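In the working numbering, the protein residues as written are 25 to 232. Every residue gets a Cβ at the ideal spot worked out from N, C-alpha and C, and that includes glycine. These numbers come from a predicted model, not from an experiment. These notes are about the structure you will find just below.
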Ligand SMILES: Nc1nc2c(ncn2[C@@H]2O[C@H](COP(=O)(O)OP(=O)(O)OP(=O)(O)O)[C@@H](O)[C@H]2O)c(=O)[nH]1
Ligand SMILES: [Mg+2]
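The structure is reproduced here in structure tokens:
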């Protein structure tokens with residue numbers, strides 16, 4: 025059984041690849057543009073308000089934040105990882121390079137990665153940086169795209185935006201197993217489905 029997402033608690037911050045915890049535990053990373061709603065998605069999936077730091081100031085998270093799952097007061101059974109957002113318009117070039125060095129390489133090299141959740145603001149669709157980011161992920165690692173903030177669109181607009189996103193994903197020709205869900209942290213849309221998928225990844229990651 026995958027450990028309950030509701031057991032998540034902050035474990036550590038990793039600012040350099042060399043600081044990644046040595047581990048054989050399955051982990052699921054959340055990636056996406058700055059302000060897309062990664063931290064909010066983690067909080068909502070874990071049923072906690074302030075686990076990952078959600079903020080109106082983009083670019084706050086500049087490191088990998090590890091959250092431990094499993095019975096409290098015991099060593100972690102699995103991890104969730106919040107990653108720095110990209111595409112932060114006024115970020116200096118070295119911050120942008122730093123993202124590749126840390127999050128990009130992490131995605132490409134982390135052998136215990138059981139899945140990647142890409143959070144995309146449904147109103148923006150899949151951008152160049154999203155495609156580049158997904159390109160870092162090893163081809164056998166499954167990807168779930170959460171089309172976030174779907175509460176901001178009416179039904180017809182949302183259906184259209186989801187169709188566009190689906191086409192963009194198809195056009196990206198990713199080799200990875202792919203899922204797509206409309207999601208809202210505020211209305212709690214797609215939460216049960218996303219929990220099931222992430223839980224399934226962590227469970228099969230256990231067996232590796
Ligand atoms: N309406 C609405 N707002 C949301 C939703 N998810 C996140 N937000 C808001 O969007 C803003 C950014 O959310 P975060 O979760 O901090 O985004 P992030 O992707 O973690 O951003 P960085 O850490 O800067 O990369 C916050 O003001 C959230 O309250 C959603 O589903 N609906
Ligand atoms: Mg964040």
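Among residues of its own chain, excluding the 5 on either side of residue i, which ones have a beta-carbon nearer than 6 Å to its beta-carbon?
i: residue 128; result: 160
i: residue 157; result: 55
i: residue 153; result: 110, 111
i: residue 229; result: 50, 138
i: residue 76; result: 63, 66, 67, 106
i: residue 44; result: 38
Could you check if residue i belongs to the surroundings of ligand 1, using beta carbon to heavy atom distance under 7 Å?
i: residue 216; result: no
i: residue 157; result: no
i: residue 234; result: No answer is possible for residue 234: the residues shown for the chain start at 25 and end at 232.
i: residue 136; result: no
i: residue 108; result: yes
i: residue 208; result: yes
i: residue 114; result: no
i: residue 143; result: yes
i: residue 59; result: yes
i: residue 56; result: yes
i: residue 175; result: yes
So, helix, strand or coil for residue i, using DSSP?
i: residue 136; result: coil
i: residue 162; result: coil
i: residue 193; result: helix
i: residue 35; result: strand
i: residue 204; result: strand
i: residue 64; result: helix
i: residue 114; result: coil
i: residue 222; result: helix
i: residue 12; result: The displayed coordinates of the chain run from 25 to 232. Any statement about residue 12 would go beyond what the structure contains.
i: residue 100; result: coil
i: residue 53; result: strand
i: residue 75; result: coil
i: residue 126; result: helix
i: residue 25; result: coil
i: residue 150; result: coil
i: residue 42; result: helix
i: residue 30; result: helix
i: residue 229; result: helix
i: residue 69; result: helix
So does residue i have its beta carbon nearer than 7 Å to some heavy atom of ligand 2?
i: residue 180; result: no
i: residue 62; result: yes
i: residue 76; result: yes
Tell me which residues share the same chain as residue i and place their Cβ nearer than 8 Å to its Cβ, disregarding the 5 neighbours each side in the sequence.
i: residue 182; result: 146, 174, 206
i: residue 149; result: 185, 188, 189, 192
i: residue 37; result: 87, 88, 89, 90
i: residue 132; result: 160, 161, 162
i: residue 74; result: 67
Let me check one thing: in DSSP terms, what residues is residue i bridge-paired to?
i: residue 89; result: 37, 106
i: residue 171; result: 144, 206
With a threshold of 7 Å on Cβ separation, who are the neighbours of residue i within its own chain once the five nearest residues in sequence on each side are excluded?
i: residue 70; result: 29, 30, 32
i: residue 176; result: 147
i: residue 200; result: 161, 163, 165, 166, 167
i: residue 215; result: 68, 69
Do three or more CB pairs link the region 54-63 to the region 92-103 at distances below 8 Å? no
Evaluate the contact criterion for the region 163-171 versus the region 140-148: three or more CB pairs, one atom per stretch, below 8 Å. yes
Decide yes or no for the touch test of the region 209-219 against the region 182-195: beta carbon pairs closer than 8 Å, at least 3 of them. no
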